[in-house]
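Residue numbers (mature numbering (1 follows the signal peptide of the UniProt record, and there is no 0)): -26 to -1, 1 to 158.
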C-alpha cells in the first residue's frame, strides 16, 4: 500500500505541475523570432528580430551625438527607418536622456554604445525598453529585441514568425521600464 500511495502522490504532483505550467503558458503571448513592431509614439512599423542571444535590444540610429542638457547627459540621433506599411522613410532627429552606456566586445574589438529608453508596441501592449543605439544599416532588421525585452513579452517560438500584429491604440496597455529588472 505504501508504494501505491507514493505512486499516486507522485502522479498527482506531476499532473499538478503540468497544469500550473500549462496555465502559465496559456497566459503568455507567443512571439515568433521575427515580428512586426511599431516604434512609438510615431507609429513607425518595422520588422523586429527577437534574439535570445542578445541581452539588450538595439535600434538603428545614425548621427549619434552625446550632449549635456540641464546638467544631465543626453543623446541626439537620427532614426532612418522605412515604415513597412507606408513605405515612407521616417528620418526624424530624436533626443533622449542617456540611460546608460553599454560596452560591447566582439570580433571587431570593444565598442561603447549609448542606451536610451524608448517605447515599442508588440502585440497589443506598449513596452518602455532599453535600446542601444548603433548604425544597423548593413543589418536585415533595424530593430533587434534582446532577452530583457523578450522576457517582458511572453514566450519565444524560434520555429515561427509573425505571430502577433502590433495593435496599440490610445487605450493599449503600457508597461513602464523597471530599473530593478536588470538581468545578466
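Don't be surprised by glycine CBs; every beta carbon is placed ideally from N, CA and C.
| query | result |
| --- | --- |
| Every unbroken beta strand (DSSP E) inside the stretch 23 to 79 [3 residues or more] | 31 to 34, 36 to 43, 46 to 52, 67 to 71 |
| Residue 122 beta carbon less than 8 angstroms from that of residue 30 | yes |
| Close Cβ partners of residue 95 (< 6 angstroms) along its chain, the five nearest in sequence each way excluded | 12, 14, 140, 142 |
| Residues that residue 14 bridges to, as DSSP identifies them | 93 |
| Cut-off 7 angstroms between Cβ atoms - residues of its own chain near residue 56, not counting five sequence neighbours on either side | 63 |
| Buried or exposed by the 16-neighbour rule on C-beta atoms within 10 Å, applied to residue 125 | exposed |
| Spatial distance of residue 118 from residue 9 (CA atoms) | 10 angstroms |
| Straight-line gap, residue 107 to residue 35 (C-alpha atoms, nearest Å) | 6 angstroms |
| Buried versus exposed, by CB contacts within 10 Å (16 or more), residue 145 | exposed |
| Cross-strand partners of residue 128 (DSSP beta bridge) | 3 |
| Distance, residue 129 Cα to residue 147 Cα | 18 angstroms |
| Local conformation of residue 122 per DSSP, three classes | helix |
| Other residues of its chain near residue 102: CB distance less than 6 angstroms, five sequence neighbours each side excluded | 91, 93, 150, 151 |
| For residue 99, the three-state DSSP class (helix, strand or coil) | strand |
| For residue 9, the three-state DSSP class (helix, strand or coil) | strand |
| Unbroken beta strand (DSSP E) run spanning residue 148, endpoints | 147 to 149 |
| Cβ neighbour criterion (16 or more within 10 Å) applied to residue 114 | exposed |
| Proximity to residue 78 [Cα-Cα], best of 72, 71, 70, 87 | 87 |
| From 1, 135, 76, 81, residue whose alpha carbon lies closest to that of residue 105 | 76 |
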